[in-house]
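> Protein chains in written order, with our numbering: chain A, 40 to 173; chain B, 12 to 313. Note that CB positions come from ideal geometry on N, CA and C, so glycine has one too. Since we're looking at a predicted model, the values are computed, not measured. First the structure, which I've put down as structure tokens, then a few questions once you've had a look.
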Amino acid sequence: MTQINFELVSPEARLVSEPVDMIIIPGEEGKFGVMAGHASLVASLKAGIVELYKEKDGEPQKIFIAGGFADVTAENCSVLAEEAINVADLDPAKLEKQLKELRHDLELAEEASDKARLQRHIVMTEAKISAKAA
Amino acid sequence: MPSLRDYRDRIKSVKSTKKITSAMKMVAASKLRKAQEQAEASQPYAQAMSEMLSRVAANVVINESSSKLLAGTGSDKRHLLVVVTADRGLCGGFNANLVKKAIARIQELTTEGKEVSVLCVGRKGRDSLKRGYSGLIAQSFIGLMGSSRVEYADASKVTDYILDEFEAGNFDVCSLIYNEFVSVLTQKPTVNQLIPFALPEASEEASEDDDDAKAEQVSPYDFEPEEERILEALLPRNLGVQIFRALLDSAAGEQAARMTAMDNSTRNAGEMIDGLTLEYNRARQAHITKELIEIISGAEAV
């Protein structure tokens, strides 16, 4: 089976670069799978899990991304994410605590810009928690 | 005439200065390596981002309804200058050159009758601009580059501020003034316009050569959601990348400039020590000769 070159880059580093069988990507308009020979595509992504299938019937490697973009051609698939973390490395207890603190901060926040920023953080943390639970 | 003891003290003090400068040079060299590595690591993302932008841009027609980040607000009256300097000094002309450039730009814009406000990133720039231009400084960010690495999250703070201000309609044009890292020996103060953003035009050159090839290359791309919405989401990210890269360049340039400056100081200190040692020996010899003459002429007199 032909494989597709998958790349995951964040602003600070190239995190993954390897050939894989299939990738499931959380597109803004729904999840989609990418395999070798996929039609060229540019898509924006929402926060969610990227799943890498490296071998047949194997368990996928799951990586949480906080939104980003995907650039797909027949041979390559690169995902640009501002934040990416292995789902295995997420710590639910810590995230719950963070979420609690953020909610508390939100209650105290007065300026609209602060509120918007905290709201974004909360959505992101909730997405991480649900990614872990899934 | 200075006494022998004066010479000895001078030599000692220059020697200890030399020790400090050579230590600073070595620290800067190791920090420079780290900063360069980090700049390299950020390359793939920036590259992928600009590739994607040109791909999307090739399929989008820019008109009134396009994002303001691209089309501008329709006016160029109010300017925001983002001045990126180091937090610390002792790095040669690194900060001074950049501030000079920023001031030249401010004066150019004010003589044209534009309103200017300044966003300072880095303590040195803020301190220098405070003298004479304190009324223009809208906001300062200090300590983003002081530690060993530049975090993307820190760069985002600057980006978020700029985007918030833009949304609020507080300026029309935003440009970035930073030291571009050309080489270890050269850092070039550069002005870079961020808003409205100029799209890469590489694809247009290709069209002149071969229209068919271009059509084949561009059209097979699918966009999800449609091009305009992707572009709208891409532009703020791209702004973030530009700022992050400017901070990285500046951080690497700072260390490079400090390394060069400290290398020079170490060499100068060495030359000074040699000169002083020569003078010290000469004075000592003169002293001995003088004593000998005194003894001999004393003996002759007897």
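#1: Apart from the five residues just before and just after E122 (chain A), which ones in its own chain have a Cβ nearer than 6 Å to its Cβ?
#2: If you draw a straight line from the alpha carbon of S186 (chain B) to that of S78 (chain B), how long is it in whole angstroms?
#3: Which chain B residues sit within Cβ distance under 9 Å of D110 (chain A)?
#4: Using DSSP with H/G/I as helix, E/B as strand and the rest coil, what is G143 (chain B)?
#5: To the nearest angstrom, how far is the alpha carbon of R134 (chain B) from that of N106 (chain B)?
#6: Between the segment 281-295 of chain B and the segment 77-91 of chain B, do at least 3 Cβ pairs fall closer than 8 Å?
#7: Ordered along the chain, which non-local residues of its own chain (more than five positions away) have a Cβ less than 7 Å from that of E215 (chain B)?
#8: At what residue ranges does the segment 145-183 of chain B contain a whole run of the alpha helix (DSSP H), taking only runs of 4 or more?
#9: From the DSSP output, which residues share a beta bridge with M74 (chain A)?
#10: Under 8 Å, do M63 (chain B) and V81 (chain A) count as touching if we go by C-beta distance?
#11: Is any beta-carbon of chain A found at less than 8 Å from that of E235 (chain B)?
#12: Could you tell me the alpha carbon to alpha carbon distance between M61 (chain A) and A109 (chain A), rounded to whole angstroms?
#13: Quick test of your reading: R137 (chain B) and S151 (chain B), contact by CB under 8 Å. State the CB separation rounded to the nearest angstrom.
#14: From this set, A:L84, A:E46, A:L54 and A:I43, which residue's C-alpha is nearest L245 (chain B)'s C-alpha?
#15: With a CB to CB cut of under 7 Å and the five nearest residues on each side skipped, what residues in its chain are close to V168 (chain B)?
#16: For A149 (chain B) and L130 (chain B), which I take to be in contact (beta-carbon distance under 8 Å), what is that distance rounded to the nearest angstrom?
#17: Flag P55 (chain B) as yes if its beta-carbon sits less than 8 Å from any beta-carbon of chain A, otherwise no.
#18: Using a threshold of 8 Å, state whether the C-beta atoms of L109 (chain B) and A267 (chain B) are closer than that.
#19: So, for T172 (chain A): in the same chain, excluding its five sequence neighbours on each side, which residues have a beta-carbon less than 6 Å away from its beta-carbon?
#20: For the segment 69-136 of chain B, list the beta strand (DSSP E) runs that are entirely contained and at least 3 residues long, ordered along the chain.
Short version:
#1: Closer than 6 Å at Cβ, skipping near neighbours: A105.
#2: Whole-angstrom Cα-Cα distance: 18 Å.
#3: Simply A59, E62, M63 and R66.
#4: Taken through DSSP and simplified to helix, strand or coil, G143 (chain B) comes out as helix.
#5: One C-alpha to the other measures close to 10 Å.
#6: Because the criterion of three Cβ pairs below 8 Å is not met, the segment 281-295 of chain B and the segment 77-91 of chain B do not touch.
#7: Low confidence applies to E215 (chain B): its pLDDT is 46, below 50, so where it sits in the model is not reliable enough to give any reading.
#8: Fully enclosed alpha helix (DSSP H) runs of 4 or longer: 163-178.
#9: As DSSP reads the structure, M74 (chain A) sits in a beta bridge with A:M61.
#10: Judged by their CB atoms, M63 (chain B) and V81 (chain A) are nearer to each other than the 8 Å cut-off.
#11: It does; some Cβ of chain A falls within 8 Å.
#12: Roughly 14 Å separates the two Cα atoms.
#13: Taking 8 Å as the upper bound for CB-CB distance, R137 (chain B) and S151 (chain B) are in contact here, some 5 Å apart.
#14: Residue A:L84 is the option with its Cα nearest to L245 (chain B).
#15: A small fix is needed here, since residue 168 (chain B) is Lys in this sequence, not Val. Excluding positions up to five away in sequence, the list reads F152.
#16: With a Cβ gap of about 6 Å, A149 (chain B) and L130 (chain B) count as contacting.
#17: Taking Cβ atoms only, chain A reaches closer than 8 Å to P55 (chain B), which makes this a yes.
#18: Result no, Cβ atoms of L109 (chain B) and A267 (chain B) do not sit closer than 8 Å.
#19: The displayed chain sequence assigns Ala, not Thr, to residue 172 (chain A). Counting only Cβ-Cβ distances below 6 Å, and skipping sequence neighbours, we find nothing.
#20: Every beta strand (DSSP E) stretch that sits fully inside the segment 69-136 of chain B and reaches 3 residues is listed by chain position as 89-95 and 126-132.
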